[in-house]
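Below is the structure:
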């Protein structure tokens, strides 16, 4: 059973997060002249997930960790292969450097991030003996056409000492680098 709709069935008319929403008119002609700055999206603002194999929740500050805006996106993976898809949209085509503030915890697993089913960056090991925020963590660089995209998190394993397969995203930053 899944949580939400399958990615291919999602309506492309409603988006949870619209990236780089300032100066769109000028940016579509010349983003560099628009003075684009990196745009940060709160992980929890991606909710609800378009589709997921396990629950995805907003987790408020806890356990001695304070996340930006007081919360993080908390994916409660339980086994290898668990995944969640989230809507994103970019109004301007171009190359984007993507980074994130991620959470590590004794119960967190190893995950891979992707946009439109194309892996970005390296595997991220969410295991730590204590709960902590980590970042910014570079996820990679990707060329994105203007419009809707699916961002995904997939569990690919866990550290031998990890108690589970969860993952947490505080923020994701998109830095437009050009065409």
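Numbering (the numbering used here), first residue to last: 270 to 448. Every residue, glycine too, gets a C-beta built ideally from N, C-alpha and C. Since the structure is predicted, the reported quantities are computational estimates derived from the model, not experimental observations.
Leaving out five residues on either side along the sequence, give the residues of the same chain with a beta carbon under 7 Å from the beta carbon of residue 389.
Result list for residue 389: 367, 382, 383, 408, 409, 411, in chain order.
Measure the C-alpha to C-alpha separation of residue 359 and residue 352 and round it to an integer number of angstroms.
Approximately 22 Å between the Cα atoms of the pair.
What is the rounded straight-line gap between the Cα of residue 436 and the Cα of residue 445?
Between residue 436 and residue 445, the C-alpha separation is close to 26 Å.
Please report the straight-line C-alpha distance between residue 350 and residue 364, rounded to a whole angstrom.
Rounded to whole angstroms, residue 350 to residue 364 spans 28 Å at the Cα level.
Alpha carbons only, please: which of 431, 415, 391 is nearest the one belonging to residue 447?
For residue 447, the nearest C-alpha among the options comes from 415.
Might you give, ordered along the chain, the residues of its own chain that have their beta carbon closer than 6 Å to the beta carbon of residue 420, omitting 5 neighbours on each side?
Around residue 420: 355, 357, 384.
Thinking C-alpha only, which one of 346, 347, 332 is nearest residue 340?
Nearest of 346, 347, 332 to residue 340, Cα basis: 332.
Sort 433, 418, 427 by Cα distance to residue 318 and report the nearest one.
Residue 418 is the option with its Cα nearest to residue 318.
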